[in-house]
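For what it's worth, my numbering labels the leading residue of the sequence shown as 50, then goes sequentially. We treat Cβ as the ideally placed atom computed from N, Cα and C, and that holds for glycine. First the structure, in the form of structure tokens, and then the observations on it.
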Amino acid sequence: MSLTLIAFAGFYSAARQAVRYADALAQALRANLVLLHVNRASLFDPYELVGEAYREEELTRQTDTAATLYEQAAALRTPATVELATDLLPVVAQDLAARYRPALFVLGQPHHEHAAAASVAQACAELLRAGHYPLLLVPATATAAPPPRRVLIAADREAFALAPTAHPLHQLLAGLGATVVVAHVSSGVQDDAGCAAALRAVQASGLLADLPTPELRGYEHDDYADGLLAAVQDTGADLVLVMARERSYLGELFHRSVTARLLAHCPVPVLVVPTAAEVPQSAPESRATAAAR
């Protein structure tokens, strides 16, 4: 089944970079591409009180925007569909997910000094958080060109299961045929047991089912984000996957979280993978079986 990528489109640098990246990635995966343009993102419909006519009026004013987006789409290597909405609302995200079943959304991260654009990007990310959709964030400083050839998966010893919306990511990784490295960052001590548990957690999730066993590398660093950045440099990764626990999924994404700090300095895109609320429990192992691993 063909994958679909939905890229947030626009005419400023962050959006253009996201579209370029999504186009090249879709080309490599032979995936479908949708260009989505929104003016705002909100959990609440701003037209609910003033009436639907105002929304229609705003959409009418976007005729030139739509025409230019279609021209942008025609210039891409991947045939693309164009979607316009005044606001990215929960119902809009749900409708897009139901119609296209996207493997992920692609969002460019504006430079921090562009406050207005950064605010819209943050709002889009937070709304997608509510739906637990995989989100590929393309930093403004990203230089790596897709398709990625070395993928770094940041993992810890805590088991996880993929959210239902994240299951297509297995097909995406298989389609890339990239070398995968699992990185475990520990603080203060070398933790071989933690490294092994991190690899087991990734394998048990099904994310890499039927794919070659990834390389495992451990990193010792007092600061987790800095440790991940060191891992990116050491492995030569051109794509980073971070697991987003439901309790903290994309929390304060563009502010103080590890993901935010990673994005601020990471030279490659970061794919935030939503996990399920509960991890299925497997049958307990005997001590002899566990010791044999």
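With a CB to CB cut of under 6 angstroms and the five nearest residues on each side skipped, what residues in its chain are close to residue i?
i           : result
residue 236 : 271
residue 229 : 200, 263
Verify the contact flag: residue i, CB atom, against every heavy atom of the ligand NAP, threshold strictly below 6 angstroms.
i           : result
residue 230 : Of ligands this structure carries none, so the ligand NAP is not represented either.
Got a sec, what are the start and stop residues for the alpha helix (DSSP H) residue i sits in?
i           : result
residue 141 : 139 to 149
residue 219 : 217 to 225
residue 277 : 273 to 284
residue 199 : Careful: residue 199 lies outside any alpha helix (DSSP H), inside the beta strand (DSSP E) at 199 to 203.
residue 118 : 112 to 123
residue 249 : 241 to 254
Straight-line CA distance for residue i to residue j?
i           : j           : result
residue 97  : residue 114 : 24 angstroms
residue 332 : residue 93  : Here the model assigns residue 332 a pLDDT of 39, short of 50, so the residue's position is not dependable, and the following value carries that caveat. If you take the alpha carbons of residue 332 and residue 93, they lie about 44 angstroms apart.
residue 241 : residue 128 : 47 angstroms
residue 136 : residue 90  : 5 angstroms
residue 169 : residue 189 : 15 angstroms
residue 106 : residue 126 : 33 angstroms
residue 199 : residue 227 : 5 angstroms
residue 65  : residue 151 : 20 angstroms
residue 326 : residue 181 : 11 angstroms
residue 116 : residue 110 : 12 angstroms
residue 55  : residue 247 : 30 angstroms
residue 191 : residue 245 : 30 angstroms
residue 74  : residue 138 : 26 angstroms
residue 59  : residue 209 : 35 angstroms
residue 183 : residue 145 : 14 angstroms
residue 274 : residue 310 : 6 angstroms
Tell me the residue span of the beta strand (DSSP E) that contains residue i.
i           : result
residue 268 : 264 to 269
residue 157 : 153 to 157
With 16 other CB atoms within 10 Å as the buried threshold, where does residue i fall?
i           : result
residue 231 : buried
residue 324 : buried
residue 86  : buried
residue 285 : exposed
residue 61  : exposed
residue 112 : exposed
residue 132 : buried
residue 319 : buried
So if DSSP puts residue i in a beta bridge, which residue, or which two residues, is it bridged to?
i           : result
residue 134 : 87
residue 292 : 322
residue 53  : 81
residue 185 : 155, 320
residue 230 : 201, 264
residue 235 : 269
residue 129 : 82
So, for residue i: in the same chain, excluding its five sequence neighbours on each side, which residues have a beta-carbon less than 7 angstroms away from its beta-carbon?
i           : result
residue 315 : 188, 278, 281, 289
residue 212 : 181, 323, 324, 325
residue 141 : 134
residue 223 : 260
Apart from the five residues on each side of it in sequence, which residues of its chain come closer than 8 angstroms, Cβ to Cβ, to residue i?
i           : result
residue 220 : 50, 52, 152
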